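Residue numbers (numbering that gives the first Met the number 0), protein chains in the order written: chain F, 0 to 259; chain P, 0 to 259.
Note that beta-carbon positions come from the ideal geometry of N, C-alpha and C, so glycine has one too.
Treat the numbers as computed from the prediction; the structure is a model and nothing was measured.
Below is one structure, written out as C-alpha cells; comments come after it.
Protein chains: 2
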Amino acid sequence: MNVFLVYAHPEPRSLNGSLRDFAIQRLEHAGHAVQVSDLYAMQWKAVLDAEDNTARQPDARFDPSLDSRQAFENGTQSADIVREQEKLRWADAVILQFPLWWFSMPAILKGWIDRVYAYGFAYGVGEHSDTHWGDRYGEGTLADKRAMLVVTTGGWASHYGPRGINGPIDDILFPIQHGILFYSGFDVLPPHVIYRTSRIDEAGFPKVCEALGQRLDSLWTTAPIPFRQQNAGDYLIPELTLKPEHAPGQSGLSIHIVEK
Amino acid sequence: MNVFLVYAHPEPRSLNGSLRDFAIQRLEHAGHAVQVSDLYAMQWKAVLDAEDNTARQPDARFDPSLDSRQAFENGTQSADIVREQEKLRWADAVILQFPLWWFSMPAILKGWIDRVYAYGFAYGVGEHSDTHWGDRYGEGTLADKRAMLVVTTGGWASHYGPRGINGPIDDILFPIQHGILFYSGFDVLPPHVIYRTSRIDEAGFPKVCEALGQRLDSLWTTAPIPFRQQNAGDYLIPELTLKPEHAPGQSGLSIHIVEK
Numbered sequence: 000m001n002v003f004l005v006y007a008h009p010e011p012r013s014l015n016g017s018l019r020d021f022a023i024q025r026l027e028h029a030g031h032a033v034q035v036s037d038l039y040a041m042q043w044k045a046v047l048d049a050e051d052n053t054a055r056q057p058d059a060r061f062d063p064s065l066d067s068r069q070a071f072e073n074g075t076q077s078a079d080i081v082r083e084q085e086k087l088r089w090a091d092a093v094i095l096q097f098p099l100w101w102f103s104m105p106a107i108l109k110g111w112i113d114r115v116y117a118y119g120f121a122y123g124v125g126e127h128s129d130t131h132w133g134d135r136y137g138e139g140t141l142a143d144k145r146a147m148l149v150v151t152t153g154g155w156a157s158h159y160g161p162r163g164i165n166g167p168i169d170d171i172l173f174p175i176q177h178g179i180l181f182y183s184g185f186d187v188l189p190p191h192v193i194y195r196t197s198r199i200d201e202a203g204f205p206k207v208c209e210a211l212g213q214r215l216d217s218l219w220t221t222a223p224i225p226f227r228q229q230n231a232g233d234y235l236i237p238e239l240t241l242k243p244e245h246a247p248g249q250s251g252l253s254i255h256i257v258e259k
Numbered sequence: 000m001n002v003f004l005v006y007a008h009p010e011p012r013s014l015n016g017s018l019r020d021f022a023i024q025r026l027e028h029a030g031h032a033v034q035v036s037d038l039y040a041m042q043w044k045a046v047l048d049a050e051d052n053t054a055r056q057p058d059a060r061f062d063p064s065l066d067s068r069q070a071f072e073n074g075t076q077s078a079d080i081v082r083e084q085e086k087l088r089w090a091d092a093v094i095l096q097f098p099l100w101w102f103s104m105p106a107i108l109k110g111w112i113d114r115v116y117a118y119g120f121a122y123g124v125g126e127h128s129d130t131h132w133g134d135r136y137g138e139g140t141l142a143d144k145r146a147m148l149v150v151t152t153g154g155w156a157s158h159y160g161p162r163g164i165n166g167p168i169d170d171i172l173f174p175i176q177h178g179i180l181f182y183s184g185f186d187v188l189p190p191h192v193i194y195r196t197s198r199i200d201e202a203g204f205p206k207v208c209e210a211l212g213q214r215l216d217s218l219w220t221t222a223p224i225p226f227r228q229q230n231a232g233d234y235l236i237p238e239l240t241l242k243p244e245h246a247p248g249q250s251g252l253s254i255h256i257v258e259k
C-alpha cells in the first residue's frame, strides 16, 4: 500500500524527527511505499495568497475560494500545491505527524491544508440537491483512503481526558479529524497521541516506538472513527442538523459519531 | 481604552477588509485608541523556527519551547515578535478577526500565535505547587484584558448550531477561545460570528456592520464566557481534571464553563 506522511517539526534531531524515521522504516519493512512531505525541510509556503493561482490578473480582487476554484479548474495552481495533491491521490493512507501547538497544528501544516485543500479538490465537490449537499463528510476526492494523526504534546494524558482541563483530546482534534479529514472523504482512524514528551528519555524511547509501530502495523485493520456521513440520511438537508431521532435531545461534538 | 485588532485576510477589498475598516472607525469614534496588526499587509512570518531566537548557536539542536524561553528571558527574541508582545501588553482589549478556514484560523494567524505566544510570555508563567499549576487558564500575562473573536464563514448558522454537522461553533472555537485566549489570562467574550458570507450584498452590509458595531460598543460591558479558572479550586492538581462535584458524571468541553 501507499502511505503519505506529512510531517511538521522544525528540528530533525527531535523526538518527532526520530519517530518520523522510525515510522518510515517500519512501513517500508512491511512492504509499503512511503512518500514524505517534510514541510520545514521543504520550506513549505505556509501562507495562502493570490500567488497560488499562477494565471490571475495582478490587479484583480483576490477571493480565496473563487481563485482556488479557477486555478484548480484551469490547471493554473502553483506547482507546489499540485505536487501535494498528487501525493494525496497516490496514497492509500495519509498520516499527519506534528507537535500539538496551542491545541492545533503548527502554522506550516495549517498552511499546507489551507493551500492544498483547494476548491474542487477538497471542497466544492459534488452536486447540491434536496438529498445531497455536496460530496463532503464521508464522500469526496479522498474517499476510500485512511488518515491518522500522530501527535505529540507536553501535557499529561489526564489533562486531555474526559474531564481534563484542556478538553478531551478527541474534542480538541475534532476540527482536524472531522472538519478537515472526514470532510474531504477520509476514513479517520483514532489518533495516536504521545503525551508528556519531556519525560521520554533514551530508555523510554523504544516503548514509544513500539506503541507507534503497532498503530502502523494495524493501519489497514483498525476501525475508523464512525463519524456520520452527511448524505446517508442522518441529517436534514439543507439545514445539516442531525435528525431528531438520532442522539435525541443531545448536542455537542459526540453526536456526530454513530452510537455503538 | 486601548484596542488591539489582529487581522488576517489576504484581500483588503473583501467583506473582512470592509469590516476591519468599519471596526477601526467605530472604536475610534467612541474615543478608543486602536492599533492594528494586518498580518498579510505586514507579510508576517508565519513559521516558527530557529531564527526566532536571534542569539542561538547555528548548529545547536532547536527546541521550540526551550529556545523560546531563552530568547524571551535573554531579550533575544526576533524584533517582530517583541513588537506584537508590546501591543498585547498595551491593549485593554484584543480582537482577532479572521475568516474561518477549515474550522480554524488562517495559517498566518496561527503562526502569529505560535511565535508571539512565547515561553515566559504566554505559557511557562508562574509557579507550580500542590495548589497552583502555573499562571494559566484565567491567570497570566494577559489577565484583566478582554478578547473577542470576529469570524466570518461561508456556512450557515444551522450548520454550526447545537446539532449542526460542523459542530457547535463554541466547540469548534474552544481550542482558540479556551486553549489560547483564556489560557494566557484573557477574559473571553462570546464570539461574533458572521455566517453565510456569500449572501451578504451591498444592501445587507449596513446590517452586518451594525451588528458588529453593537458588539464593539459593548466590549467593556459584555459578560465573558465563564470558563473555570484552573487554580481557583475546581480542578484536582496536578491531574487537572474537574473535581467530581462539578458537572457530576459529565464530560466534554462544556463542563469547563461554570453552570448558570
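Are any of the Cβ atoms in chain P nearer than 9 angstroms to that of E10 of chain F?
Residue 10 of chain F sits at position 11 when you count from the first residue of the first sequence. Yes, because at least one Cβ of chain P sits closer than 9 angstroms to the Cβ of E10 of chain F.
Distance check for Y194 of chain P and V149 of chain P, CA to CA, integer angstroms please.
To locate residue 149 of chain P, count along the second sequence from 1; it is residue 150. To locate residue 194 of chain P, count along the second sequence from 1; it is residue 195. Straight-line Cα distance between these residues: approximately 11 angstroms.
Grab me the residues of Q176 of chain F's own chain with a C-beta within less than 6 angstroms of its C-beta, minus the 5 sequence neighbours each way, in chain order.
Within the first sequence, the letter at position 177 stands for residue 176 of chain F. If we look at Q176 of chain F and ignore the five residues flanking it on each side, its Cβ neighbours are V187.
Residues that H255 of chain P contacts on chain F, provided the C-beta gap is smaller than 8 angstroms
Locating residue 255 of chain P in the second sequence gives position 256, where the first residue counts as 1. Neighbours of H255 of chain P on chain F, chain order: I164, G166.
Under 9 angstroms, Cβ to Cβ, is there at least one residue of chain P near G153 of chain F?
Residue mapping note: residue 153 of chain F aligns to position 154 of the first sequence, counting from 1. Taking Cβ atoms only, chain P reaches closer than 9 angstroms to G153 of chain F, which makes this a yes.
Run down chain F in chain order and give the residues with a C-beta less than 8 angstroms from the C-beta of T130 of chain P.
By one-based count along the second sequence, residue 130 of chain P stands at place 131. Correct list: empty, because the minimum Cβ distance to chain F is about 15 angstroms.
Cα-Cα separation between I94 of chain F and H131 of chain P, rounded to whole angstroms:
By one-based count along the first sequence, residue 94 of chain F stands at place 95. By one-based count along the second sequence, residue 131 of chain P stands at place 132. Rounded to the nearest angstrom, the two C-alpha atoms are 37 angstroms apart.
Need the endpoints of the alpha helix (DSSP H) that S64 of chain P sits in, please.
In the second sequence, the residue the question calls residue 64 of chain P occupies position 65. Here the alpha helix (DSSP H) through S64 of chain P covers 63-73.
Hey, quick one: how far does the beta strand (DSSP E) through P98 of chain P stretch, first residue to last?
Position 99 of the second sequence, counted from the start, is the residue given in the question as residue 98 of chain P. Segment 92-98, the beta strand (DSSP E) holding P98 of chain P.
Counted within 10 angstroms of its Cβ, other Cβ atoms place D51 of chain F as buried (16 or more) or exposed
By 1-based counting over the first sequence, the position of residue 51 of chain F is 52. Buried, because 16 or more other Cβ atoms sit within 10 Å of the Cβ of D51 of chain F.
Can you give the beta carbon distance from Y118 of chain P to S183 of chain P, rounded, assuming they're within the 8 angstroms contact cut?
Residue numbering aside, residue 118 of chain P sits at position 119 when the second sequence is read from its first letter. Residue numbering aside, residue 183 of chain P sits at position 184 when the second sequence is read from its first letter. Not quite, the Cβ-Cβ distance comes to about 12 angstroms (not below 8 angstroms), so this is no contact.
Shorter than 9 angstroms from the beta carbon of M104 of chain P to some beta carbon of chain A?
Chain labels in this structure do not include chain A; the protein chains are F and P.
Taking the beta strand (DSSP E) that F3 of chain P belongs to, which residues open and close that run?
Taking the second sequence and counting its residues from 1, the one referred to as residue 3 of chain P is at position 4. Start and end: 1-6.
Once DSSP output is grouped into helix, strand and coil, what is the label at F261 of chain P?
Nothing can be reported for residue 261 of chain P, as the shown portion of chain P is limited to 0 through 259.
Indicate whether at least one CB of chain P lies closer than 9 angstroms to the CB of T53 of chain F.
Translated into positions along the first sequence, residue 53 of chain F becomes position 54. Chain P, which has no Cβ nearer than 9 angstroms to the Cβ of T53 of chain F, makes this no.
Straight-line CA distance for E83 of chain F to E126 of chain P?
The count along the first sequence starts at 1 and reaches residue 83 of chain F at position 84. The count along the second sequence starts at 1 and reaches residue 126 of chain P at position 127. If I take the Cα positions, the gap works out to 44 angstroms.
Test item: CB-CB of L47 of chain P and P63 of chain P under 9 angstroms
Sequence index remark: in the second sequence, residue 47 of chain P carries index 48 (1-based). Sequence index remark: in the second sequence, residue 63 of chain P carries index 64 (1-based). Going by C-beta atoms, L47 of chain P is nearer than 9 angstroms to P63 of chain P.
Y122 of chain P - partner residues in DSSP beta bridges
Against the second sequence, residue 122 of chain P aligns to sequence position 123. BP columns for Y122 of chain P point to P:Y118.
Less than 9 angstroms between CB atoms is the rule here; does D270 of chain F satisfy it with respect to chain P?
Because chain F is modelled from 0 through 259, residue 270 of chain F falls outside the range shown and cannot be assessed.
Taking 9 angstroms as the cut-off, decide whether the C-beta atoms of T234 of chain P and I164 of chain F are in contact.
Numbered from its first residue, the second sequence carries residue 234 of chain P at position 235. Numbered from its first residue, the first sequence carries residue 164 of chain F at position 165. A quick correction: the sequence has Tyr, not Thr, at residue 234 of chain P. Yes, the Cβ-Cβ distance between Y234 of chain P and I164 of chain F is below 9 angstroms.
Looking only at C-alpha atoms, which of P:G160, P:P167, P:M147, P:S157 sits nearest to F181 of chain P?
Within the second sequence, the letter at position 182 stands for residue 181 of chain P. F181 of chain P has its Cα closest to that of P:M147, out of P:G160, P:P167, P:M147, P:S157.
Cβ shell of P237 of chain F (< 7 angstroms), same chain only, five flanking positions each side left out
Here the question's residue 237 of chain F lines up with position 238 in the first sequence. These residues qualify, in order along the chain: W132.
Report the rounded CA-to-CA distance for S250 of chain F versus S36 of chain F, giving the unit in angstroms.
Locating residue 250 of chain F in the first sequence gives position 251, counting from the first residue. Locating residue 36 of chain F in the first sequence gives position 37, counting from the first residue. Roughly 37 angstroms separates the two Cα atoms.
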